[in-house]
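Working notes, structure below.
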Amino acid sequence: MKLKLLALLAGFALPGLPLAAQEIAPVNSFFERGPAKDYPVKSVYVGGEVRNPGPVELAGLPLRSVAVKEVAFEGGKEAFKGAYFFTGYSLYDILNARPVNKVNSDFSPETDLYVVVENDKGDKAVFSWGEIYYARDNFKALIARSARSVTAPKKNKDWPLPEGSRLVCSSDLYNTRFINNPTKITVKSVAGVFPGKKHQLLFTPEFRVVAGGKTTVVSDPSRLAAKRSYLDAAYGHGTGFKGVKAADGFVLKEVLAAAGARPQDSGSSLVVVSSRDSYRAAFSLAEIMNRNDNADLLVLDKGQGEDGRFALFSASDFFVDRNVRSMDKVEILKI
């Protein structure tokens, strides 16, 4: 008992004692009881469609923390890599320092923006602008300044800590967007031609899924996906509260899976959902296929409604701006 007390006061673990007895600090949080490692991260370059591209110094930004259960795909199988508590600088705060300067000025909404995070080895991770600035949870993606093992005392095992800083995302089921030592962030808008006139929705009895050079026409999503029901307090970033509304629809990731999309391929892929009035919204494939919070996007079937038969509902968003009405096309792009 005396040895345990001395170890606790000194802040280090004694060899030979089980982990349950090697408490690093008397804290309530289960996330902060394991060994930790710090990483020297100073700046990251932000470029692309921003007003003042250049390095962002990280020291002046707020520190955020996320808990991560890291699962990888190895040899076609799931492999658990560890449980961690990361503290660092969120993409939300880093990008806030660089106001957007959209190239596509004829489409003012920022729903078509996305972000590519890279390291010097060429590894990439894609995030939609919406999952950073439209979502309810804004700080889930961060560049780690420190990592701590979330140790299970009864297993008597600390998880191996990363050797250097990492980009991590706490909402991802698999680690497809975890990259080592990120150095560059690029803001882009979706390229392509989107015909139609603003607010002139045309009824579409079906929508198309374009993936891997193939087009799948979907007229009955109930044949492809399970149905779910959500209740949401709808709020537009410009128009404000729109009422509490029910959303009954079919799980989009299951529709995309039928077209060949897989979560293990989601790290650097983008999904563009568009309507016939030229409105569009960008999503990372990861936020659709690779979620660990079950806040899945839904395809709503409105029948013969004037706004078009099918509409998208993004359950994880705070704002309704990515809820595309009169869906015409869902396209998966490799970035």
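Okay, so the sequence shown: first residue is 18 according to our numbering, each after it adds one.
Heads up, the beta-carbon is just placed ideally off N, CA and C, and yes, glycines get one too.
Values in this document were obtained by computation on a predicted structure and should not be read as measured data.
Specify the secondary structure class of residue i as computed by DSSP and reduced to three states.
| i | result |
| --- | --- |
| residue 286 | strand |
| residue 191 | coil |
| residue 152 | strand |
| residue 210 | coil |
| residue 157 | coil |
| residue 180 | coil |
| residue 205 | strand |
| residue 125 | coil |
| residue 185 | strand |
| residue 170 | helix |
| residue 299 | strand |
| residue 72 | strand |
| residue 20 | Residue placement at residue 20 is poorly supported in this model, since its pLDDT is 42, which falls under 50; the coordinates still yield a value, given next. Helix. |
| residue 239 | helix |
| residue 334 | strand |
| residue 58 | coil |
| residue 273 | helix |
Terminal residues of the continuous beta strand (DSSP E) containing residue i?
| i | result |
| --- | --- |
| residue 98 | 94-107 |
| residue 264 | 257-268 |
| residue 136 | 130-136 |
| residue 248 | 244-253 |
| residue 145 | 141-145 |
| residue 317 | 315-318 |
| residue 55 | 53-55 |
So the alpha helix (DSSP H) residue i belongs to, where does it begin and stop?
| i | result |
| --- | --- |
| residue 352 | Neither: residue 352 is in no alpha helix (DSSP H) and is coded neither H nor E. |
| residue 304 | 302-306 |
CA-CA distance, residue i and residue j?
| i | j | result |
| --- | --- | --- |
| residue 173 | residue 51 | 11 Å |
| residue 319 | residue 244 | 14 Å |
| residue 255 | residue 111 | 24 Å |
| residue 40 | residue 87 | Note on residue 40: pLDDT 49, under 50, position unreliable in the model; the coordinate value appears next. Each residue's Cα considered, the two are about 23 Å apart. |
| residue 128 | residue 258 | 19 Å |
| residue 274 | residue 301 | 15 Å |
| residue 271 | residue 235 | 12 Å |
| residue 329 | residue 316 | 5 Å |
| residue 96 | residue 220 | 45 Å |
| residue 280 | residue 175 | 28 Å |
| residue 269 | residue 283 | 14 Å |
| residue 248 | residue 266 | 12 Å |
| residue 92 | residue 224 | 35 Å |
| residue 89 | residue 192 | 6 Å |
| residue 49 | residue 177 | 15 Å |
| residue 68 | residue 44 | 44 Å |
| residue 166 | residue 54 | 9 Å |
| residue 38 | residue 56 | Because residue 38 sits at a pLDDT of 39, beneath the cut-off of 50, its placement in the model cannot be relied upon, and the following sentence gives the value as read from the coordinates. Their Cα atoms are separated by approximately 27 Å. |
Look at residue i and residue j and say whether their C-beta atoms are less than 9 Å apart.
| i | j | result |
| --- | --- | --- |
| residue 331 | residue 314 | yes |
| residue 204 | residue 146 | yes |
| residue 144 | residue 303 | yes |
| residue 155 | residue 179 | no |
| residue 190 | residue 113 | no |
| residue 164 | residue 194 | no |
| residue 73 | residue 200 | no |
| residue 352 | residue 278 | no |
| residue 231 | residue 289 | no |
| residue 260 | residue 292 | no |
Name the one or two DSSP bridge partners that residue i has.
| i | result |
| --- | --- |
| residue 232 | 227 |
| residue 117 | 67 |
| residue 85 | 101 |
| residue 90 | 95 |
| residue 328 | 317 |
| residue 196 | 184 |
| residue 165 | 53 and 102 |
| residue 291 | 297 and 346 |
Any C-beta of chain B sitting closer than 9 Å to the C-beta of residue i?
| i | result |
| --- | --- |
| residue 230 | No chain B appears in the structure shown, which is made up of a single protein chain. |
May I ask whether a heavy atom of the ligand FAD can be found less than 8 Å away from the beta carbon of residue i?
| i | result |
| --- | --- |
| residue 188 | This structure lacks the ligand FAD, and indeed carries no ligand of any kind. |
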